[in-house]
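Presented below is the structure to which this report refers.
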Amino acid sequence: DSGVTQTPKHLITATGQRVTLRCSPRSGDLSVYWYQQSLDQGLQFLIQYYNGEERAKGNILERFSAQQFPDLHSELNLSSLELGDSALYFCASSVSHRGIETQYFGPGTRLLVL
Amino acid sequence: AQKVTQAQTEISVVEKEDVTLDCVYETRDTTYYLFWYKQPPSGELVFLIRRNSFDEQNEISGRYSWNFQKSTSSFNFTITASQVVDSAVYFCALSEATDRDDKIIFGKGTRLHILP
C-alpha cells in the first residue's frame, strides 16, 4: 500500500458526460501528479501540482482540468467525454529528500466511456 | 524536442540471468531528470528512480542498477540475477527542468518476461 488513494476505482459513463477523479496523497506529500494510460497513447503525464499551485503541464486536453485543494487532495475533472478518453488514470504524490525524489502511485481509476 | 526511445519492445530471459533494458533520450536542455517506472501484470505503477542530469554516478539498489551516460544520451537499467517477480513493463521517462515546463515524457515501455 503506497498510501495514495484514488476514487473511484472504476467508472463507466457515456460520451458527453463529465466526471471527477479524486486523489488523496500520502500524508505530508505536497506534490501530486496525474497520468493517463491508454492503449492508443501509452503512458502520458497530464499535470502536476505542488502545494496547491500548478507546477507543470503535460498533454492535458482543454476539456480536462485539475486542482489541488488546501488539504492537498487533488481532483481531475474530465468533461465532454469521448470514447478515446477511456483509460487508466493514475495519480502519484512525491516527496523530496536532499534532492532525491520518490513518487508513490495510487492504484488508479479505470474510466470507460461508452 | 524531448524524446525517449526504448527500442526493446519485449524481452524474455530465463530466471537468474542478468538483463539490461535500454533507454535513449533526446533533449536540448542541460538540466533534466531521467526516470524509470515498473508496471507489473497487476497494473499498478511503481516508481523506481529519478536521476538528475548533473549526477552521472551509476546507481545501485539491490539487484537493480542504472547506468547513466551523457555521452550517448542513455540511461540503461540492469536487473542482476533476475526473478520471476521482475516480470513487468518498464518505462523510461525524461523531464526537462525548465521553469514551468518540466513535463514528463515517457518511452513506450519494454515488456520483460522472466521465465522460470
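If you're matching them up, the sequences are chains F and L in order. Each residue of the first sequence is one higher than the one before, counting from 14 in our numbering. Each residue of the second sequence is one higher than the one before, counting from 1219 in our numbering. Ideal placement from N, C-alpha and C gives every residue a C-beta, glycine not left out. What you are looking at is a predicted structure, and each value in this text was computed from that prediction instead of being measured.
Open item on the list: My assumption, with CB atoms under 8 angstroms, is that Pro120 (chain F) sits in contact with His86 (chain F). Please give the rounded CB distance.
Closed with: Position 107 of the first sequence holds residue 120 (chain F). Position 73 of the first sequence holds residue 86 (chain F). Between the beta-carbon of Pro120 (chain F) and that of His86 (chain F) there is about 15 angstroms, and that puts the pair past the 8 angstroms contact cut.
Open item on the list: Bridge partners for Thr1224 (chain L) per DSSP, in chain order?
Closed with: For the purposes of this step, residue 1224 (chain L) is taken as residue 6 along the second sequence, with counting starting at 1. Looking at the sequence itself, residue 1224 (chain L) is Gln, so the reference to Thr does not match. In the DSSP output, where bridge partners are listed per residue, Gln1224 (chain L) has none listed.
- [ ] Kindly list, in the order they appear in chain F, the residues whose Cβ is closer than 9 angstroms to that of Glu1262 (chain L).
- [x] Taking the second sequence and counting its residues from 1, one reaches residue 1262 (chain L) at position 44. Result: Ser15, Phe103, Phe118, Gly119, Pro120, Gly121.
TODO: Let me know if Lys22 (chain F) comes out buried or exposed under the rule of 16 or more other beta-carbons within 10 Å of its beta-carbon.
DONE: Here residue 22 (chain F) is taken as the residue at index 9 of the first sequence, counted from 1. Exposed is the call here.
Open item on the list: Which same chain residues end up closer than 6 angstroms to Asn90 (chain F) when comparing Cβ atoms and leaving out the 5 residues on each side of it in sequence?
Closed with: On the first sequence, residue 90 (chain F) is found 77 positions in, with the first residue counted as 1. When the five nearest sequence neighbours on each side are left out, the beta carbons in the same chain lying within less than 6 angstroms of the beta carbon of Asn90 (chain F) are those of Thr33, Ser78, in order along the chain.
Task: His110 (chain F) - containing beta strand (DSSP E), residue span - done: Your numbering for residue 110 (chain F) matches position 97 in the first sequence. His110 (chain F) -> beta strand (DSSP E) spans 100–110.
- [ ] Helix, strand or coil for Leu96 (chain F), going by three-state DSSP, please let me know.
- [x] Counting from 1 along the first sequence, the entry for residue 96 (chain F) is found at position 83. In this structure, Leu96 (chain F) counts as helix in the three-state DSSP scheme.
Open item on the list: Distance cutoff 8 angstroms, beta carbons only. Does Gln57 (chain F) sit that close to anything in chain L?
Closed with: Locating residue 57 (chain F) in the first sequence gives position 44, where the first residue counts as 1. So yes, Gln57 (chain F) belongs to the interface.
Task: Residue nearest to Ser1260 (chain L) in terms of C-alpha spacing, selected from L:Thr1238, L:Glu1235, L:Ala1306 - done: The sequence position of residue 1260 (chain L) within the second sequence is 42, counting from 1. Ser1260 (chain L) has its Cα closest to that of L:Ala1306, out of L:Thr1238, L:Glu1235, L:Ala1306.
TODO: Could you spell out the range, first to last residue, of the beta strand (DSSP E) harbouring Leu24 (chain F)?
DONE: Locating residue 24 (chain F) in the first sequence gives position 11, counting from the first residue. Element bounds for Leu24 (chain F): 23–26.
Open item on the list: Applying the 10 Å Cβ sphere with the 16-neighbour rule, what's the burial state of Lys1256 (chain L)?
Closed with: As a first step, residue 1256 (chain L) is located in the second sequence; it is residue number 38 there, counting from the start. A residue is called buried when at least 16 other Cβ atoms come within 10 angstroms of its Cβ; Lys1256 (chain L) meets this threshold and is buried.
Open item on the list: Would Ile25 (chain F) and Leu94 (chain F) qualify as a contact pair, given that the criterion is a beta-carbon distance under 8 angstroms?
Closed with: Residue numbering aside, residue 25 (chain F) sits at position 12 when the first sequence is read from its first letter. Residue numbering aside, residue 94 (chain F) sits at position 81 when the first sequence is read from its first letter. When the beta-carbon positions are compared, Ile25 (chain F) and Leu94 (chain F) stay at least 8 angstroms from each other.
- [ ] Kindly give me the distance between the Cβ atoms of Phe1295 (chain L) and Trp1284 (chain L), rounded to whole angstroms, as I take these residues to be in contact under 8 angstroms.
- [x] As a first step, residue 1295 (chain L) must be located in the second sequence, where it is residue number 77. As a first step, residue 1284 (chain L) must be located in the second sequence, where it is residue number 66. That belief holds up - the Cβ atoms of Phe1295 (chain L) and Trp1284 (chain L) are roughly 5 angstroms apart, short of 8 angstroms.
Open item on the list: Do Leu96 (chain F) and Thr18 (chain F) have their beta-carbon atoms positioned less than 8 angstroms apart in this structure?
Closed with: As a first step, residue 18 (chain F) must be located in the first sequence, where it is residue number 5. As a first step, residue 96 (chain F) must be located in the first sequence, where it is residue number 83. Thr18 (chain F) places its beta carbon 8 angstroms or farther from that of Leu96 (chain F).
Task: Endpoints, the beta strand (DSSP E) within which Thr1296 (chain L) is located - done: Here residue 1296 (chain L) refers to the residue found at position 78 of the second sequence. Looking at the DSSP string, the run of the beta strand (DSSP E) that includes Thr1296 (chain L) is 1292–1297.
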